[in-house]
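Chains as they are written, first to last, in the numbering used here: chain B, 103 to 730; chain W, 643 to 856.
Just so you know, even glycine gets a beta-carbon here, dropped at the ideal spot from N, CA and C.
All values reported here derive from a predicted model rather than from experimental measurement.
Worksheet: the structure to be examined is printed underneath.
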Ligand SMILES: Nc1nc2c(ncn2[C@@H]2O[C@H](COP(=O)(O)OP(=O)(O)OP(=O)(O)O)[C@@H](O)[C@H]2O)c(=O)[nH]1
Ligand SMILES: [Mg+2]
């Protein structure tokens with residue numbers, strides 16, 4: 103079995119302990135008086151100086167009466183999107199005070215002086231240096247038998263009879279042994295009980311099993327940040343892998359394949375391309391990068407968003423767009439659904455209307471269209487769905503994964519010559535026994551580096567030409583609209599501006615903001631501009647920090663009617679980092695700051711982000727999308 | 643242009659084992675381009691390209707299908723109404739030639755009776771220099787290809803999408819075998835159902851395809 107005898111190094115991570123809610127208990131860090139004084143200017147800074155007003159509520163927490171006075175300072179001129187309407191100054195003062203109290207108490211319990219950092223390995227929490235050969239040995243996917251046990255992450259898809267179908271690493275020789283062992287463990291456990299085998303965990307090692315007879319999916323992890331969380335992360339990864347398998351095969355095909363022959367080799371049904379996609383998926387899900395090397399050039403794609411999505415319960419990312427533009431796009435989708443076309447005489451069918459037979463001479467062009475997406479750079483710009491059905495995020499992610507495997511958009515020298523694509527896909531959470539048919543076409547707008555991608559999902563495999571006509575209509579509408587053709591590229595390009603600079607929160611280096619109800623998130627755009635190796639390590643470092651933040655012990659406090667969850671963490675890594683999590687039933691904010699920032703700055707800046715995101719939620723999130 | 647030649651619309655489907663070069667042939671024909679590492683087609687891709695054959699303009703509506711086994715069951719959807727088919731194999735892969743035989747058989751059984759089929763042995767560039775040597779990469783001889791074509795009444799070409807050898811010739815030959823049909827009257831020629839109340843007069847998104855150089 104794979105095991106790791108090395109003792110786990112203690113992460114130089116300091117967690118906050120439960121604070122007493124006492125208002126004046128903070129002793130270290132900032133003196134509370136310095137921000138709770140009567141200095142109105144300071145008070146304004148607390149709750150974001152850009153707010154028009156700070157609402158003061160005194161009920162709720164039974165805190166000492168505040169001496170804060172309402173700000174009379176006028177709002178400085180700000181770009182229009184920065185001005186918050188008064189009702190959105192939603193943080194009752196007790197909450198702000200409570201935040202300070204919490205942070206200061208947390209700081210008090212940690213050692214404020216930066217100790218400098220020893221080399222720290224984020225993958226194993228040891229002091230072993232991460233260099234390129236280390237990644238080669240422990241991280242990069244390798245299909246060689248040799249070196250198999252050194253890998254920190256393994257994924258297997260096996261038949262219930264123990265035959266390997268897919269493995270992230272290793273060759274058939276090593277796999278056969280492991281497969282047999284795993285299926286034996288699972289089978290002998292489940293034989294004696296009604297229980298499903300779920301996992302084995304021990305120090306620095308975890309194996310999670312998903313039994314989807316006739317398949318068994320297994321993830322084995324020795325990656326430090328994956329072990330910080332409960333089983334949910336690895337289980338979510340396994341279900342992403344399973345969802346992809348279903349997307350290409352569908353459940354009945356898998357079942358039928360095994361029906362008579364338990365040793366059926368599913369590998370014959372999966373193509374080399376599918377196995378490559380599984381490699382990309384498993385590597386992205388674990389390490390936030392994937393190997394896209396072709397015969398000549400070594401190349402890697404670095405993108406932590408797949409990992410972050412599973413960390414955030416499969417939340418998906420939306421493209422930032424003003425709600426006017428989004429509404430226009432939504433209208434185009436809806437009007438496309440209503441388009442009528444003339445039926446040729448031969449297809450016209452008589453139908454009864456009153457007592458007269460009349461000829462039905464038109465039909466709805468897009469009657470088979472079920473779901474539509476406009477996608478920009480893997481983010482959803484606009485989405486159409488039937489009133490009665492929604493797609494789950496898992497299915498949307500699988501769809502986006504599939505899309506990224508199609509020929510990279512815009513590779514054709516002549517845009518006019520790009521083909522229309524038409525392929526079957528099983529969106530398993532929607533219906534795991536049938537295929538939808540997906541029409542894909544790219545639209546290249548002037549002044550935009552990447553194309554907009556239109557996806558039309560139809561229930562009818564013979565509806566290609568109807569989807570093509572619908573796409574013609576949608577693209578023509580977009581290009582003909584003055585507003586859309588000029589503002590859409592502009593706004594989409596703006597999505598790459600760092601939000602922390604737009605929001606003037608310089609201390610916050612990066613943040614993620616999630617709306618819970620829609621299960622969608624935005625994050626500050628990440629730019630990886632160094633060499634590949636450094637980018638990979640940077641990306642993994644971000645995964646480490648966010649996982650550590652979300653797994654740190656949090657404190658729950660009641661503010662009025664809502665429960666707020668707070669986490670404050672510091673890491674003595676590199677230059678030092680501060681992490682702050684603020685969540686309630688509506689949102690989750692994850693902030694990373696460089697260095698050890700003061701509670702004043704931390705709270706002011708994170709509340710500014712929350713306020714801004716809530717205020718602009720219509721432009722940041724698409725919600726359920728538009729329905730027909 | 644002083645007088646417009648009549649335009650015939652031809653539905654054409656490409657069939658053949660995975661990785662024999664179907665998409666590459668289409669890319670060569672449509673964009674006069676080649677990619678060393680073309681990714682496999684998923685499902686099918688639809689393209690159009692005009693081509694002048696004699697005094698006629700032929701507008702090909704091309705279905706480039708995926709060779710992967712799991713899409714095989716969708717093939718009838720694409721060849722059902724096709725007037726022409728390219729059955730492609732890789733002259734360095736004997737298995738792909740066997741697969742080509744199966745496709746020809748299936749087309750004769752299932753497709754329309756008057757379909758024009760071209761058998762195409764692709765990747766000629768790989769063997770062009772060393773046709774005679776013993777360790778040639780060639781695994782399917784030109785004679786085998788010809789024999790099958792004659793037996794089944796097919797056009798036959800050995801092509802290279804990479805060097806563009808014979809690529810346009812295939813499409814011209816097919817074009818000249820296709821009988822004159824009713825002229826195209828609408829964008830989706832062979833398809834019933836005129837767009838009624840839709841105003842599609844926006845930017846012509848893909849209508850200014852240039853004639854190919856054949
Ligand atoms: N040397 C050489 N390579 C070729 C030629 N045509 C295609 N290839 C290469 O063969 C590989 C497969 O080509 P594709 O055009 O994708 O093959 P396909 O038949 O469309 O494959 P599927 O879409 O999977 O059915 C690619 O790497 C091409 O670059 C050719 O004429 N000569
Ligand atoms: Mg292809």
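{"query": "Status (buried if at least 16 other CB within 10 Å, exposed otherwise) for residue 491 (chain B)", "result": "exposed"}
{"query": "Residue(s) in a DSSP beta bridge with residue 526 (chain B)", "result": "B:539"}
{"query": "Near ligand 1: residue 717 (chain W) beta-carbon under 6 Å from a heavy atom", "result": "no"}
{"query": "Neighbouring residues (CB closer than 7 Å to any heavy atom of ligand 2)", "result": "W:664, W:665, W:680, W:682, W:683, W:706, W:708 and W:709"}
{"query": "Residue 688 (chain W) at chain B interface by Cβ criterion, 7 Å", "result": "yes"}
{"query": "Selection of the segment 704-735 of chain W by Cβ proximity to chain B, strictly under 8 Å", "result": "706, 708, 710, 711, 712, 713, 716 and 719"}
{"query": "Residue-level contact to chain W via CB, residue 523 (chain B), 7 Å cutoff", "result": "yes"}
{"query": "Buried versus exposed, by CB contacts within 10 Å (16 or more), residue 644 (chain B)", "result": "buried"}
{"query": "Residue of B:612, B:617 and B:618 minimising C-alpha distance to residue 628 (chain B)", "result": "B:612"}
{"query": "Within-7 Å CB hit, residue 656 (chain W) to chain B", "result": "no"}
{"query": "Neighbour flag for residue 685 (chain W) against chain B, beta carbons, 7 Å", "result": "yes"}
{"query": "For residue 299 (chain B) and residue 313 (chain B), the rounded distance between their alpha carbons", "result": "8 Å"}
{"query": "Exposed unless 16 or more other CB atoms sit within 10 angstroms - verdict on residue 849 (chain W)", "result": "Any reading at residue 849 (chain W) must be qualified, since the residue scores a pLDDT of 34, below 50, and its modelled position is unreliable; the value itself is stated next. By the 10 Å Cβ count, residue 849 (chain W) comes out exposed."}
{"query": "Close-in-space but distant-in-sequence residues of the same chain around residue 539 (chain B) (CB under 6 Å, 5 per side omitted)", "result": "526, 560 and 563"}
{"query": "Span separating the alpha-carbon of residue 686 (chain W) from that of residue 739 (chain W)", "result": "21 Å"}
{"query": "Spatial distance of residue 691 (chain B) from residue 238 (chain B) (CA atoms)", "result": "34 Å"}
{"query": "For residue 764 (chain W): DSSP bridge partner residues", "result": "W:732"}
{"query": "Residue 198 (chain B) Cβ short of 6 Å to ligand 1 heavy atom set", "result": "no"}
{"query": "Simplified DSSP assignment, three categories, for residue 769 (chain W)", "result": "coil"}
{"query": "Residues near residue 604 (chain B) in its chain [Cβ-Cβ closer than 7 Å; skip 5 each side]", "result": "none"}
{"query": "Chain W contacts made by the segment 471-496 of chain B, where a contact means CB separation under 9 Å", "result": "none"}
{"query": "7 Å Cβ cutoff, residue 679 (chain W) in contact with chain B", "result": "yes"}
{"query": "Cβ-based contacts, 9 Å cut-off: residues of the segment 346-372 of chain B near chain W", "result": "350, 351, 355, 370, 371 and 372"}
{"query": "Whole-angstrom distance between residue 783 (chain W) and residue 771 (chain W), CA atom to CA atom", "result": "14 Å"}
{"query": "Residue 731 (chain W) vs residue 763 (chain W) beta-carbon contact at 7 Å", "result": "yes"}
{"query": "Spatial distance of residue 207 (chain B) from residue 657 (chain B) (CA atoms)", "result": "12 Å"}
{"query": "Any C-beta of chain B under 7 Å from that of residue 821 (chain W)", "result": "no"}
{"query": "Nearest candidate by alpha-carbon position, reference residue 389 (chain B), set B:469, B:242 and B:268", "result": "B:242"}
{"query": "Validate contact between the segment 709-717 of chain B and the segment 695-715 of chain W using beta carbons, cut 8 Å, 3 pairs", "result": "no"}
{"query": "Element boundaries [alpha helix (DSSP H), containing residue 683 (chain W)]", "result": "Unbroken run through residue 683 (chain W): none, as it is neither H nor E."}
{"query": "Of the residues B:502, B:571, B:496 and B:534, the one placed nearest residue 482 (chain B), counting alpha carbons only", "result": "B:502"}
{"query": "Residue 734 (chain B), DSSP secondary structure in three states", "result": "Any property of residue 734 (chain B) remains undetermined from this structure, which presents chain B solely from 103 to 730."}
{"query": "In DSSP terms, what residue 685 (chain B) is bridged to", "result": "B:667 and B:690"}
{"query": "Residue 477 (chain B), enclosing beta strand (DSSP E) - first and last residue", "result": "471-478"}
{"query": "beta-carbon residue 385 (chain B) near ligand 1 non-hydrogen atom, thresh 6 Å", "result": "no"}
{"query": "Cβ-based contacts, 7 Å cut-off: residues of the segment 537-551 of chain B near chain W", "result": "none"}
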